[in-house]
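**Q**
Number of protein chains: 2
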Amino acid sequence: MKVLRVPEATVSRLSIYSRFLERLEKNGVTTVSSNEIAKGVGVSPAQVRKDLAYFGEFGTRGVGYSVKDLIHYILKILGLTHTWPVVLVGAGNLGTALCAYRGFRDRGFNIVAVFDNDLLKIGKRIQELEVLPVERLPEVVAEHGVRIGIITVPQSSTQEAADLLVKSGVDALLTFGPAVVHVPEHVVVRNVDLSIKLEILTFNLAFREEFHPSHFFEPKG
Amino acid sequence: MKVLRVPEATVSRLSIYSRFLERLEKNGVTTVSSNEIAKGVGVSPAQVRKDLAYFGEFGTRGVGYSVKDLIHYILKILGLTHTWPVVLVGAGNLGTALCAYRGFRDRGFNIVAVFDNDLLKIGKRIQELEVLPVERLPEVVAEHGVRIGIITVPQSSTQEAADLLVKSGVDALLTFGPAVVHVPEHVVVRNVDLSIKLEILTFNLAFREEFHPSHFFEPKG
DNA sequence: TCGCATTAGTGATAGTTTTCTCATAATCAT
DNA sequence: ATGATTATGAGAAAACTATCACTAATGCGA
Numbered sequence: 002m003k004v005l006r007v008p009e010a011t012v013s014r015l016s017i018y019s020r021f022l023e024r025l026e027k028n029g030v031t032t033v034s035s036n037e038i039a040k041g042v043g044v045s046p047a048q049v050r051k052d053l054a055y056f057g058e059f060g061t062r063g064v065g066y067s068v069k070d071l072i073h074y075i076l077k078i079l080g081l082t083h084t085w086p087v088v089l090v091g092a093g094n095l096g097t098a099l100c101a102y103r104g105f106r107d108r109g110f111n112i113v114a115v116f117d118n119d120l121l122k123i124g125k126r127i128q129e130l131e132v133l134p135v136e137r138l139p140e141v142v143a144e145h146g147v148r149i150g151i152i153t154v155p156q157s158s159t160q161e162a163a164d165l166l167v168k169s170g171v172d173a174l175l176t177f178g179p180a181v182v183h184v185p186e187h188v189v190v191r192n193v194d195l196s197i198k199l200e201i202l203t204f205n206l207a208f209r210e211e212f213h214p215s216h217f218f219e220p221k222g
Numbered sequence: 002m003k004v005l006r007v008p009e010a011t012v013s014r015l016s017i018y019s020r021f022l023e024r025l026e027k028n029g030v031t032t033v034s035s036n037e038i039a040k041g042v043g044v045s046p047a048q049v050r051k052d053l054a055y056f057g058e059f060g061t062r063g064v065g066y067s068v069k070d071l072i073h074y075i076l077k078i079l080g081l082t083h084t085w086p087v088v089l090v091g092a093g094n095l096g097t098a099l100c101a102y103r104g105f106r107d108r109g110f111n112i113v114a115v116f117d118n119d120l121l122k123i124g125k126r127i128q129e130l131e132v133l134p135v136e137r138l139p140e141v142v143a144e145h146g147v148r149i150g151i152i153t154v155p156q157s158s159t160q161e162a163a164d165l166l167v168k169s170g171v172d173a174l175l176t177f178g179p180a181v182v183h184v185p186e187h188v189v190v191r192n193v194d195l196s197i198k199l200e201i202l203t204f205n206l207a208f209r210e211e212f213h214p215s216h217f218f219e220p221k222g
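Chain order of the listed sequences is A and B.
Going left to right, the first sequence walks through residues 2 to 222 as my numbering numbers them.
Going left to right, the second sequence walks through residues 2 to 222 as my numbering numbers them.
1. Check whether the region 97 to 104 of chain B touches the region 186 to 193 of chain A, counting contact only when three or more Cβ pairs, one atom from each stretch, lie closer than 8 Å.
2. Mind checking B/Glu-131: buried by the 16 CB within 10 Å criterion, or exposed?
3. Based on Cα-Cα distance, which residue from A/Asp-107, A/Ile-78, A/Phe-116 lies nearest to A/Gly-91?
4. By DSSP, does B/Leu-139 sit in helix, in strand, or in coil?
5. If we cut at 8 Å on Cβ distances, does B/Lys-198 have a partner in chain A?
6. What's the gap between the Cα of A/Leu-121 and the Cα of B/Gln-128?
7. Give me the DSSP bridge partner(s) of A/Thr-176.
8. Determine, for B/Ser-26, whether the minimum Cβ-Cβ distance to residues of chain A falls below 8 Å.
9. Flag A/Ala-98 as yes if its beta-carbon sits less than 8 Å from any beta-carbon of chain B, otherwise no.
10. Cβ atoms of A/Val-87 and A/Val-147: under 8 Å apart, would you say?
11. Can you pull the DSSP bridge partners for A/Val-132?
12. Can you tell me whether B/Pro-214 is helix, strand or coil according to DSSP?
13. I need the straight-line Cα distance from B/Leu-195 to A/Ser-16, nearest angstrom please.
14. Name the chain B residues whose beta carbon is nearer than 8 Å to that of A/Glu-9?
15. Within the 8 Å Cβ cut-off, does B/Leu-130 reach chain A?
16. For a contact defined as C-beta to C-beta under 7 Å, what are the partners of B/Phe-110 on chain A?
17. Grab the span of the alpha helix (DSSP H) containing B/Tyr-55 for me, first residue to last.
18. Leaving aside the five residues before and after A/Thr-97 along the sequence, list all residues of the same chain whose C-beta is less than 6 Å from its C-beta, in chain order.
19. Can you find a C-beta in chain B that's less than 8 Å from the C-beta of A/Ser-16?
20. Roughly how far, in whole angstroms, is the beta-carbon of A/Val-141 from the beta-carbon of A/Val-113, given that I think they are within contact range, below 8 Å?
21. Determine the DSSP secondary structure at A/Ile-123, reduced to helix, strand or coil.
22. State buried or exposed for B/Asn-111, treating a residue as buried only when at least 16 other CB atoms are found within 10 Å of its CB.
23. Helix, strand or coil for A/Leu-76 per DSSP?
24. Under 8 Å, Cβ to Cβ, is there at least one residue of chain A near B/Ile-152?
25. Taking 6 Å as the limit between beta carbons, can you name the residues of its chain near B/Arg-209, skipping five residues before and five after?
26. Just to confirm the assignment, what range does the alpha helix (DSSP H) spanning A/Tyr-18 have?
27. Any C-beta of chain A within less than 8 Å: which residues of the region 78 to 89 of chain B qualify?
28. Quick check on B/Asp-148 - is its C-beta less than 8 Å from some C-beta in chain A?
29. Any idea what DSSP makes of A/Gly-91, helix, strand or coil?
30. Taking buried to mean at least 16 other C-beta atoms within 10 Å of its own C-beta, is B/Ala-180 buried or exposed?
Below you can see the structure in the form of structure tokens.
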């Protein structure tokens, strides 16, 4: 049997589907069609079916999907059938904001500790957590079996934080900002870069107006 | 002449290239090859050249690119030759963190005002800004010629905030969280969903271990 | 000045992701 | 039961994106 690579876009959409479905379930909806999911989250119905088809057959022809079951299947696919302990490195503004972010807890992510190497921040309280010195990272990671680390330190320290997390046994990292981090093969890294997102906006604004395609793409010769 | 659509991934990479190049420039580097850029940001050299080729010819064969010139060209493409006034709606944890985020200012984004509809937050100071009631949004947008809005309100209020921003004349929105917003054709919207990013990590962790493909893809019948 | 090493630019190719189309299966009304 | 209707699942096609491989400049050293 051929093992299909699952596109990352599919994984992202599954996350979106599951949250849409949870809203439906809360409203008492028990059955849903790919068409309704598609409408609800802004993709095509075929896309919804294809995304699910990577993992099995979850629907009933002529009927649709059981909301409850589909939520369960997707959460299982995403590895969200249990909660995940998470550590956060970097107790600055962003780190503090993320600690307070309800969305994480709602999805089963449990921030168990926050670390920093700045003496001014160590000992400070964020939510119910005391900011710990990074030296204690290995110990906490081992104690809680933490596999996921969120890095919200300045760009220049990102690699250092990543190294420390990996050495402590963490094998999945979420980084912020433009830094490129190098990690061993077995470690998964994803990045959020807010400036990129804003620059996609300005590109679209600028492109539409200043560089009308018929000028901009004029071949040289 | 055929008008090429520029992949969004290309725009994202241009943003990354430009920041890498700015680091080089700071270190006194004057010339760079596609190979060196590729190494520096973790893509292929051909990718770098292709990305640039969407917009023109910026290099010299046998030599490479002038760091200074290439920075200038990319910033122009991204619409970053002038600063952009930005408004932020939602003075919660995330909004507060974004106000303090240096990365925005470094790239020419200037948060000119923060709004909220929560009386407990209105009047509060964030950085040098006083949180204003959303009623004043149209006025501020008009005054500063704001075209970009960042929405950091709870999911249930996202559409409302978007509507208000659009009605005030903003035509580019950055939203956070899972909400799907509906806007007129001419408005650009991009979204940052941090839960998705974490769930891509858990998918990878779970997938590798719990669902080995040879089990997971077993056909139903 | 000539030839060699280097590197951008580009058309062709390969690979990936999305969309399309239709056969299949289930429900419902008669 | 049976036919009409609905909606999934899946293979094919289309669209899109990335890589490859080659050509064309350019600089440098002999």
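Heads up, the beta-carbon is just placed ideally off N, CA and C, and yes, glycines get one too.
**A** According to the structure data:
1. No: the two stretches stay apart, fewer than three of their Cβ pairs being nearer than 8 Å.
2. exposed
3. A/Phe-116
4. Looking at the sequence shown, residue 139 of chain B is not Leu but Pro. In this structure, B/Pro-139 counts as helix in the three-state DSSP scheme.
5. yes
6. 19 Å
7. A/Ile-152, A/Asn-192
8. As written in the sequence, residue 26 of chain B is Glu, which differs from the Ser given in the question. Nearest CB-CB separation between B/Glu-26 and chain A: not below the 8 Å threshold.
9. yes
10. Yes, the Cβ-Cβ distance between A/Val-147 and A/Val-87 is below 8 Å.
11. A/Val-115
12. Residue confidence is low: B/Pro-214 scores 43 on pLDDT, short of 50, so the model does not pin down where it sits. Its coordinate-derived value is still stated next. Looking at B/Pro-214 - three-state DSSP - the assignment turns out to be helix.
13. 11 Å
14. Ile-201
15. no
16. Leu-199
17. Run containing B/Tyr-55: none; DSSP gives neither H nor E here.
18. Ile-127
19. yes
20. About 7 Å; that satisfies the 8 Å criterion.
21. coil
22. Classification for B/Asn-111: exposed.
23. DSSP places A/Leu-76 in helix when its eight states are reduced to three.
24. The beta carbon of B/Ile-152 sits no closer than 8 Å to any beta carbon of chain A.
25. none
26. 9 to 27
27. Ile-78, Leu-79, Gly-80, Leu-81, Trp-85, Val-87
28. Sequence inspection shows Arg at residue 148 of chain B; the Asp mentioned does not correspond to that position. It does: the Cβ of B/Arg-148 has a partner Cβ on chain A nearer than 8 Å.
29. coil
30. buried
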